[in-house]
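One structure is given below, encoded as C-alpha cells.
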Amino acid sequence: MSQHIVSQQLRLEPSRRPLGSLYAGNVRAVFSRGVKATWGTNWAIMVSGFVEPVLYLVAMGIGLGSLIGTVTGPGGAEIGYANYIAPALLAVSAMNGAVYDSTWNVFFKLHFAKLYEGMLYTSLGPLDVALGEILLALLRGALYATGFTAVMGAMGLITSPWALLMIPAAVVVAFGFASFGMAITSYMKTFQQMDWINFIMLPMFLFSATFYPLSVYPEPIQWLIQALPLWHGVEMLRQLSAGIFTGAILVHLLYFLVMIVLGLILSTGRLRKLFLN
Amino acid sequence: MPQTSLSHRLPQQAPAAVITARNVVKTYGDFNAVDGISFDVQQGESFGLLGPNGAGKSTTMRMIGGVSQRTSGELSIMGLDPDQHGPEVRAHLGVVPQQDNLDEELKVRDNLIVYGRYFGLPYSYLRPKADELLEFAQLTDKAKAKVDALSGGMKRRLTIARSLMNDPKVLLLDEPTTGLDPQARHILWDRLFRLKEAGVTLILTTHYMDEAEQLCDRLIVVDKGKIMAEGSPSALIREHSTREVLELRFGSERNTTVAPELGGIGERLETLPDRILIYADDGEAALEQVSNRGLRPITSLVRRSSLEDVFLRLTGRSLID
Ligand SMILES: Nc1ncnc2c1ncn2[C@@H]1O[C@H](COP(=O)(O)OP(=O)(O)OP(=O)(O)O)[C@@H](O)[C@H]1O
Ligand SMILES: [Mg+2]
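Those sequence lines, one after another, are chains A and B. The working numbering puts the first residue of the first sequence at 1, with every later residue one more than the last. The working numbering puts the first residue of the second sequence at 1001, with every later residue one more than the last.
What follows is the structure in C-alpha cells.
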C-alpha cells in the first residue's frame, strides 16, 4: 500500500478562490470555536455588560423621567422620557456587547493565548480568523440587543410594530463596533493603550444624544459627535422606535457599512502582518 | 473546505521534489536570519535541519509553512509557493511548532477536533480521528481535562497529535521531542517511522544527535543561516570526522594546560571545557600514545564518531548548550 502512495506525485492545485492567500471560506470553524470556548465561562461579565444599560433605563427613564415628563421625539411627537432614551440605550447595549469581545478578548488572544498563531498554521486565512472573531463579538451584541428589546417591551416602551426593526438595526450597529473594535485592538500593544478605549467609550456613551438632543451643544461639538459611531446608532434606532423612516437612516446604515468594511480590511491586514510576516 | 486536490501523475515521470528551496533568505532589519539556503526534499524522505541556537532552523520551518514571508529566493511546497498559496499548502501540512500553542480555552479532545475543523474537515471524520490520536499520545484518560492541567510533556504530545489531525502529506516538526521522557520519545519515533512508511514526508529539527541519526535519511547542518554540510548521517560522519574518538578528562582545571602536550596524536584535537577529544581512526592506539607520554587522564573513553562530532567540527560549537 505504501509503495503505491510513494509512487504518486504530490502536486497541489492552486485554488481559484478570490483572495486565495487571505481567505479559505471557513469562517464557521473560527466562529464555532469561539462559541465553544465562551460557553459556560465569563457569565458574570456577560451579564454585567447587559445589565448596565438596563439599569440606566430604569434609573433615568423611570426615575429622572418622572421629573422630566414628556420630550419631543423623532418626527416632533411628544413622547415619554423613557421612550426617548430607550432606543439610545439599546444602541449602547449592542455596542457594549460587541466591544467587549472584540477588544479585551481579542487583545488577550493576540498577545497571550497565541490562538491566532495556531489558527493561521492551518488552512485558515487571516480573513477567516478576523471575520469569525468579529461575528462572535457581533453575536454578543445581538444577544444583548435582543434582551434589551425584550426589557423595553416588558416596560411598555414599544409602541409601534416597526420598532421590532430595531433588532436587525442593532445587529448592524454591533457589527460595526465589532469590526472596528477588532481593527483598533489589533494595533494595540500595551494595557495602557487598551485603557484609551474605555477613555473614549464613556464620554461617547454619555454625550451621543443618548439622554438629550444634540441641539443643546454648540455647532462644532455637534459636528464632532456626529462624526462618532454611537450617535449614528442612537439616531437610527430612535427613528425606528417611532416607525419613522427618512433618508437619514440610509446615511446611518452607510456609516456602519463603512465601519464594517474598514474594520475587516484593517483587522485582516494586521493579522497578516503579525502572524504571516 | 480547502479547494485543493492532488493530481496523480504517472510514475515514470522524474520524481519531483516535495519541497524545493533555492537561495532562500529571511532578513530581520539588516540581519540575515536565513542567508541563502537551497535544498530539495523528496517525497517520503525524512529530512533534518541541525544547527545551534539561532541558526535559522525555526525561521526556515516557518517559511516552509508560509507563516513567515521570505525576503528573497524561491520556495515551492508540493508545487506551490507558500507565500502565495498559504491556505492550500497548509491544508496538507502538519505543524509542530517549537513552542506549543494549544488552545487553552478548550479541553484536550476539543483541541483536536476544533483544530481539524480549521481544515474544513467533517465531524464524522474528526471524532474517531481525535480518539485514535489521543490513544497514540497516551492522553485518552485526559480527554476531558483542561489544557493547563497537563504537564509540559503531555502538552507536547497533544501538539504532536494535533498536527496529525488533517492526515498531512508533509509533517514539520520543530524540536518535537523536547520535554518528552525517553519512553514517549521512542513511541514518537516509532510513529514517525510508520508515517514515513506510509509516504509522509518529514522535516524535522532537533538538538538530539541520536534522534537525527535514527530518524533522518538526510540532513543539513545549518549555522548562522547558511548550510555548512549536507548528506546522510553516516556520510556526514565519514566525511567530516574520523572513525573513532578518544575522550579524555583531566579535570576542568587541567584540560587546557594538558592539551599542548597531546600534539601529533590522532588527526585532530578538540579542547572543550570539560574534556579533550582526540580524533583518530584507531582510538585505542591513540590512548596508548597518550600513556606513553606519561599523561594520566582521570577518565578515558574510546567511542565511534557521531553527528555530534560533525557538528563540532563544522560549527566549532557543541550542540547541547
Ligand atoms: N521575529 C523576529 N524578529 C527578529 N529576529 C528574529 C525573529 N525571529 C527570529 N529572529 C532571529 O533569527 C535568528 C534565527 O532564529 P531561529 O528561531 O530561526 O533559530 P533556531 O535555529 O530555530 O534556534 P533554536 O535552536 O534556538 O530554536 C535568531 O538570531 C533570532 O534572533
Ligand atoms: Mg528554533
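C-beta: ideal position from N, C-alpha, C; glycine also.
In the DSSP annotation of this structure, the continuous segment of the beta strand (DSSP E) that includes T1027(B) starts and ends at I1019 to Y1028. For R1194(B), the uninterrupted alpha helix (DSSP H) run begins and ends at P1182 to E1197, by DSSP. Contacts between L1106(B) and chain A, judged by CB atoms closer than 8 Å, involve R33, K36 and A37 in chain order.
Cβ contact annotation for V1025(B) (same chain, cutoff 7 Å, sequence separation greater than five): N1032, V1034, D1035, G1036, R1070, T1071, S1072 and G1073, in chain order. For T1020(B), the distance from the CB to the nearest heavy atom of ligand 1 is not below 7 Å. Here P74(A) really is in contact with Q239(A); their C-beta atoms are around 5 Å apart, less than 8 Å.
Taking 7 Å as the upper bound on Cβ-Cβ separation, chain B lies near residues Q9, L10, R11, L12, E13, P14, S15, R17 and G20 of the region 9-20 of chain A. When beta bridges are read from the DSSP output, G1048(B) appears opposite L1204(B) and L1219(B). Per DSSP, F180(A) has no beta bridge partner at all. At least one heavy atom of ligand 1 lies less than 7 Å from the C-beta of A1033(B). Between ligand 2 and K36(A), a heavy atom-to-CB distance of less than 7 Å is absent. Within the region 1067-1089 of chain B, the residues whose Cβ lies closer than 7 Å to any Cβ of chain A are, in chain order, V1067, S1068, Q1069, M1078, G1079, L1080, Q1084, H1085, G1086, P1087, E1088 and V1089. By the rule that beta-carbons nearer than 8 Å mark a contact, G1179(B) does not touch chain A. In this structure the region 1082-1093 of chain B does not touch the region 1173-1187 of chain B; the number of beta carbon pairs closer than 8 Å is below three. Relative to ligand 1, even the nearest heavy atom lies 7 Å or more away from the CB of Y121(A).
With a cut-off of 7 Å, the C-beta of S1072(B) is classified as distant from ligand 1, since no heavy atom of the ligand falls inside that distance. Within the same chain, and ignoring the five residues on either side of F256(A) in sequence, the residues whose Cβ sits closer than 8 Å to its Cβ are V172, V173, F175, G176, P229, H232 and G233. Short note on K114(A): C-beta not closer than 7 Å to any heavy atom of ligand 1.
The region 1246-1262 of chain B makes contact with the region 1293-1300 of chain B: 3 or more CB pairs, one atom from each, lie closer than 8 Å. Put simply, the CB of A24(A) is near chain B, with a gap under 8 Å to one of its CB atoms. Uninterrupted alpha helix (DSSP H) stretches at least 4 residues long and entirely within the region 195-242 of chain A occur at 219-227 and 229-241, given in chain order. The beta carbon of S123(A) falls within 8 Å of a beta carbon belonging to chain B, placing the residue at that interface.
In the three-state scheme derived from DSSP, where H, G and I count as helix and E and B as strand, G1094(B) is classed as strand.
Below the 7 Å Cβ cutoff, chain B contributes V1067 as neighbours of F275(A), in chain order. In this chain, the beta strand (DSSP E) harbouring M1228(B) covers K1226 to G1231. Identification of residues in the region 1106-1125 of chain B having a C-beta nearer than 8 Å to some C-beta of chain A yields L1106, D1110, V1114, Y1115, R1117, Y1118, F1119 and G1120, given in sequence order.
Spatial neighbours of S93(A) in its own chain (CB-CB distance under 6 Å, excluding positions within 5 residues in sequence) are listed in chain order as P53, Y144, A145 and F148. Segment contact: the region 87-103 of chain A against the region 176-192 of chain A, three or more CB-CB distances shorter than 8 Å; contact assigned. Taken in chain order, the complete beta strand (DSSP E) segments of 3 residues or longer contained in the region 44-88 of chain A are 70-72 and 78-80. D195(A) has its CB no nearer than 7 Å to any heavy atom of ligand 2. Counting of Cβ neighbours within 10 angstroms places F1047(B) among the buried residues, the total reaching 16 or more. Contacts with chain A at 8 Å (Cβ-Cβ) include K1169(B).
Collapsing the DSSP output to three states places R1268(B) in a strand.
In terms of Cα proximity to A1161(B), the closest of V1147(B), E1135(B) and R1022(B) is E1135(B). Contact between L57(A) and A91(A) is ruled out by a C-beta separation of about 12 Å, above the 8 Å threshold. D1174(B) has its Cβ nearer than 7 Å to a heavy atom of ligand 2.
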